[in-house]
Amino acid sequence: MNIEKLKSAHKLLCEYKYELGKIKKGYTNRTLYINLGDNEVKEKPVTQLMKDKFIGGKGFGLWYLWNAVTSETKWNDPENEIVIATGPLGGITQYPGAGKSLVVSLSPLTDMPIDSNVGGYFGPLLKFSGFDALELQGKSDKDVIVFIDGNKGIVRIEEAPLEAVDSHVLGEQLTEMFAESEEDKRNISVVSAGTAAEHSFLGLLNFTFYDVRRKAARLKQAGRGGIGTVFRDKGIKALVVRFAGVKGNLNNPADQGTLNRTGIKFHKQMHDLDDKQNRMRQVGTANIIEVMDQYDLLPTHNYKFGSHKDTYRISSKVFKEKITQGMADGCWYGCSMSCAKAVDNFILRTGPYKGQKVIVDGPEYENAAGLGSNIGIFDPDVVLELNFYCDTYAIDTISFGTMTAFIMECYENGILNKERTGGLELNFGNADAALELIHRIARGEGFGKIAGLGVKRMKELFIKEYNADPGFINDIGMEQKGLEFSEYMPKESLAQQGGYGLTNKGPQHDEAWLIFMDMVNNQIPTFENKAEALHYFPMFRTWFGLNGLCKLPWNDITPSNNKYTDEPAKIPEHVQNYVDIFNAVTGCSIDKNELITQSERVYNFQRIFNIRMGKGKRINDRIPYRAMGPVTVEEYESRQERYDGQLKELLGYNPTGKDTEEKLKVMRKYREDQYEKLTDAVYKRRGWTIDGVPTLEKLKELGMDLPEVVEVVKKHI
Amino acid sequence: MKVLGKKPELCIQCHACESICSKTWFKEDNALKSCIRISEDEKGGAVIISCTQCGECIDICPVEAIKRDKNGIVRIDKSICVGCFMCVGYCPELAMFMHEDYLEPFKCIACGQCAKSCPTGAIFITQENA
Amino acid sequence: MIHVNGKEFQWEEGMTVAEMLRRKTYTYHKIVVKINDVVIPNEEFETTVIHDGDDVKAIHLLAGG
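Protein chains in written order, with my numbering: chain V, 14 to 730; chain F, 34 to 163; chain U, 101 to 165.
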């Protein structure tokens with residue numbers, strides 16, 4: 014459909030003009046509020062409280078959301094907001110991974126706040142247009158596009174009935190429509206969802222960046238939590254920002270020289286070491302697929318197993334051949350880590366776009382594991398096709414993978430059958446069925462509608478409607494707090510069980526990834542060691558979400574002398590880089606300890622926000638047993654030697670002559686008890702009560718004892 | 034393609050080239066604003082760093098601000114450059130430079146001013162196949 | 101008897117670092133090995149012998165997700 018035709022069907026609902034401003038040391042000092050119900054558009058100042066306590070990014074998102082909702086608000090109430098924000102470091106061009114946006118909303122999956130971290134150009138261009146954050150509230154009954162022209166100072170809300178909904182089409186249409194020339198296309202970024210977000214709770218948001226060499230809009234995802242579902246529910250078809258004139262000093266940093274030098278030091282490190290280390294520039298995060306398999310940690314068949322004889326077919330070597338090499342693949346300027354790999358000229362073999370040659374943005378590690386081994390698929394082209402459709406339909410690949418793995422195990426155990434699945438034979442490894450399932454989710458058709466509910470609601474449904482054994486279903490459904498687990502095996506690492514289970518948003522590894530440190534290196538043997546790691550790493554990693562940063566440059570490349578430092582796992586040189594660039598931009602003088610305190614404030618605030626929404630306590634931090642240990646005889650016997658050895662060594666229990674059912678019980682009791690002890694130790698280290706509530710002392714210590722926060726806490730201690 | 038050739042064994046480290054370069058391009062006598070840099074190795078021998086026009090930076094640039102001109106010389110289009118300095122980090126010769134006074138990096142474009150100023154012929158404009 | 105990453109491991113006379121890594125199936129390429137707190141360079145894995153009673157660390161530098 015031609016662009017002129019699409020544009021002519023637009024109806025202007027509101028135009029808002031604003032004064033262009035200047036960024037001062039990383040902050041525009043204002044945010045943009047839009048209500049889609051009554052088309053109210055207004056500017057709000059960034060307060061000193063916001064900067065002191067919340068810094069930016071998800072901090073601003075959580076603060077705005079707290080003030081927008083009540084404890085009764087549901088994800089699809091008009092009061093729910095979608096807040097998009099970078100942070101004070103957002104948009105710098107010198108240091109890698111500085112273009113991230115944090116998107117915050119009440120999640121349809123978890124019914125509490127979720128924060129999702131996404132690349133692409135939208136956040137920085139929004140900031141350069143004048144706004145530290147964009148707040149979207151209310152609901153439009155017609156599909157609208159919000160357009161922000163950051164050079165002219167205009168915001169427009171327009172009805173847009175004819176444009177596509179799926180992102181690979183819509184992203185191109187709107188880049189073409191709003192760019193003033195071919196050269197201007199890199200000044201446009203589009204935020205959009207897809208048809209699956211209209212029919213499922215798993216909807217994600219796509220953020221584009223224009224790839225000047227491929228001459229195409231690339232897609233990065235705010236994947237977790239179903240924020241795309243909220244987006245479509247609000248009647249938003251897309252957000253578009255245009256800003257021309259990106260330069261390295263737009264943040265008006267206090268110390269440009271330090272910023273430049275730190276960036277160059279990092280680029281040089283990537284140049285010298287990436288090929289010998291993780292090969293991020295060649296294969297991105299897919300570099301660890303075969304490593305996870307070698308160490309029995311690649312989730313296989315719904316996390317039953319950790320490896321498979323066919324993993325070599327979806328290893329990084331295979332994907333390297335499909336990914337176009339030598340491209341500048343950073344998802345914001347200055348990212349020398351360049352991990353946003355793509356497969357070009359991929360011909361789709363199924364679905365509404367069958368036969369089209371497309372760009373597949375990926376595969377990231379999560380996709381190779383979630384759309385591959387976890388559902389028994391070892392055909393790289395199927396992984397790529399599922400990856401593509403997840404992106405364009407706007408389905409979180411992690412949730413899709415974990416959810417489909419759950420469905421397949423239910424199918425193989427007779428809880429689902431062909432009648433219930435509408436004819437789909439959802440055995441592990443059935444690629445055709447998995448592909449057809451994704452199309453039915455997008456159409457909201459039959460079993461697709463059920464799958465689109467996510468694991469938590471499906472568990473309830475299967476127990477109620479299909480007489481599934483609640484014990485078994487709750488053991489194998491890998492979700493917690495309503496969010497599906499991401500694609501790592503926590504079964505053999507108590508620290509990672511905590512890394513998944515004792516999180517704010519749900520079992521997403523952005524807080525902590527401790528599997529090797531714990532399981533293989535055995536560097537955190539005691540409960541106190543683990544608790545210390547489950548304090549430091551979540552607090553450190555939260556910081557990226559306050560500043561609009563990507564975590565990967567922190568530890569996906571290691572300086573050569575790192576092994577000689579006191580705490581190599583923390584990558585001290587890179588921690589210092591972050592301190593240096595924060596101070597260089599903002600003019601502050603934080604050190605590495607203050608960095609942690611900044612995160613602790615927001616982290617505790619988020620925990621209390623969860624509590625306010627009726628979740629957020631110890632009972633919600635429980636995890637399904639499949640995340641802790643072997644559920645079935647088959648699982649136990651697949652690792653019999655290891656498990657028998659553990660029973661002997663750790664419990665003084667003699668496994669000889671005992672049947673597997675008996676050993677399963679003994680192992681389970683031990684592991685569940687271990688998790689409780691870990692939970693006690695972690696809560697203590699975090700300054701929380703035994704029920705997981707931040708104490709008043711802790712809040713006072715952090716300076717986070719805001720009256721509305723204290724009011725919630727007082728009800729629960 | 035005409036590039037800047039080097040014979041470090043002839044260099045007497047007088048730094049006249051650095052002076053003339055920075056004065057020509059940045060109106061300042063400042064070695065840190067020169068596109069040619071003279072230093073010394075462990076044995077006391079001169080080291081001359083300047084762009085060889087290899088072009089490795091071209092594919093590094095996220096905005097295609099770096100291109101060869103009609104003479105084959107690698108040029109930076111400052112109007113497109115976003116100041117990320119990945120080219121500085123990736124230059125195999127360490128001959129792409131950043132100075133905090135400027136948003137864009139700078140490099141030798143074989144203008145020949147330094148060659149004219151060199152007393153020993155250690156640097157010279159020479160014809161090379163692109 | 102030696103310790104590898106804090107756990108007892110069967111040792112025999114002449115076991116090299118490379119041999120230990122093979123037996124543990126530690127195949128990852130970014131491993132830092134220390135014997136009694138001294139870093140052993142990668143080039144010396146095949147030739148460095150582990151002695152009885154040694155405390156060996158084989159730290160995998162895997163960032164993960």
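C-beta: ideal position from N, C-alpha, C; glycine also.
Please read all numbers here as calculations on a predicted model, not as lab measurements.
Measuring only the C-alpha atoms, how far is residue i from residue j?
i, j, result
"L147/V", "I240/V", "15 Å"
"K727/V", "K247/V", "34 Å"
"N142/U", "N63/F", "44 Å"
"N487/V", "Y638/V", "8 Å"
"K37/V", "N617/V", "28 Å"
"A251/V", "H522/V", "28 Å"
"L162/U", "I302/V", "12 Å"
"F59/F", "Q338/V", "37 Å"
"Y378/V", "A299/V", "4 Å"
"R620/V", "G629/V", "6 Å"
"A206/V", "V138/U", "53 Å"
"A355/V", "I570/V", "21 Å"
"F264/V", "P503/V", "It should be noted that the sequence gives Asn, not Phe, for residue 264/V. Near 41 Å, if we compare the C-alpha coordinates of P503/V and N264/V."
"Y325/V", "Q146/F", "57 Å"
"A733/V", "I537/V", "Since the first residue of chain V shown is 14 and the last is 730, residue 733/V is not available in this structure."
"F460/V", "V588/V", "47 Å"
"G442/V", "F222/V", "34 Å"
"D179/V", "D374/V", "15 Å"
"P126/V", "L515/V", "15 Å"
"V615/V", "F67/V", "6 Å"
"K100/F", "R456/V", "47 Å"
Which residue comes first and which comes last in the alpha helix (DSSP H) that contains residue i?
i, result
"P551/V", "F540 to N560"
"N273/V", "Q269 to L286"
"P137/V", "F135 to S142"
"I584/V", "Where I584/V is concerned, there is no enclosing alpha helix (DSSP H), given that its DSSP letter is neither H nor E."
"P668/V", "P668/V -> no alpha helix (DSSP H), and no H or E assigned at all."
"L565/V", "L565 to N568"
Which residue wins for smallest C-alpha separation from residue i, given the options the options?
i, options, result
"G164/U", "V168/V, L565/V and R614/V", "L565/V"
"A597/V", "I105/V, I632/V, V54/V and I621/V", "I105/V"
"E398/V", "L361/V, V304/V and N426/V", "L361/V"
"T434/V", "N387/V, M471/V, F160/V and E500/V", "M471/V"
"L33/V", "E56/V, S153/V and S21/V", "E56/V"
"Y549/V", "L466/V, D593/V and K605/V", "K605/V"
"A481/V", "E449/V, Y424/V and N535/V", "Y424/V"
"N517/V", "F622/V, L384/V and T702/V", "F622/V"
"R625/V", "V82/V, Y40/V, P58/V and G69/V", "V82/V"
"N273/V", "T702/V, N633/V and N590/V", "N590/V"
"L175/V", "S114/V, F73/V, H314/V and L19/V", "L19/V"
"T645/V", "G484/V, N574/V, G103/V and K431/V", "G484/V"
"N80/V", "G69/V, W88/V, A582/V and N93/V", "N93/V"
"Y40/V", "C403/V, A267/V and K583/V", "A267/V"
"V96/F", "T44/V, K198/V, G658/V and Q186/V", "K198/V"
"G347/V", "T539/V, V243/V and C563/V", "C563/V"
"K35/V", "L115/V, D145/V, A209/V and A418/V", "D145/V"
"L539/V", "I428/V, Y513/V and L507/V", "Contrary to the premise, residue 539/V reads as Thr rather than Leu in this sequence. Residue L507/V is the option with its Cα nearest to T539/V."
Along the chain, where does the beta strand (DSSP E) containing residue i start, and where does it finish?
i, result
"D359/V", "It is worth fixing the name first, because residue 359/V is Phe in this sequence and not Asp. It spans A355 to I360 - the beta strand (DSSP E) in which F359/V sits, taken as one unbroken run."
"I158/V", "V157 to D162"
"D74/F", "Unbroken run through D74/F: none, as it is neither H nor E."
"Y46/V", "R43 to N48"
Closest Cβ-Cβ distance between residue i and chain A: below 7 Å?
i, result
"H522/V", "The structure shown contains no chain A; its protein chains are V, F and U."
**OP:** Give a yes or no on contact between the segment 665-678 of chain V and the segment 492-510 of chain V, applying the rule of three or more CB pairs nearer than 8 Å.
**Re:** no
Original post:
Would the segment 185-194 of chain V and the segment 119-128 of chain V be scored as touching if the rule is three or more Cβ pairs under 8 Å?
Top reply: no
Original post:
Taking only runs of the beta strand (DSSP E) that begin and end inside the segment 342-401 of chain V, which ones reach a length of at least 3 residues, in chain order?
Top reply: 355-360 and 370-374
Original post:
With contact counted as at least three CB pairs below 8 Å, one residue from each stretch, are the segment 102-118 of chain U and the segment 145-153 of chain U in contact?
Top reply: yes
**OP:** Report the residue ranges of all beta strand (DSSP E) runs contained in full by the segment 104-153 of chain U; include only those spanning at least 3 residues, in chain order.
**Re:** 107-109, 131-135 and 138-140
Subject >> Sufficient close CB pairs (3 or more, under 8 Å) joining the segment 547-565 of chain V to the segment 514-532 of chain V >> reply: yes
Original post:
Pairing CB atoms from the segment 35-55 of chain F with CB atoms from the segment 699-717 of chain V, are three or more of them under 8 Å?
Top reply: no
Subject >> Contact between the segment 156-164 of chain V and the segment 127-147 of chain V (3+ Cβ pairs under 8 Å) >> reply: yes
**OP:** Pick out the complete beta strand (DSSP E) segments inside the segment 431-507 of chain V, 3 residues or longer, and give them in chain order.
**Re:** If we require 3 residues or more, the segment 431-507 of chain V turns out to have no beta strand (DSSP E) run fully inside it.
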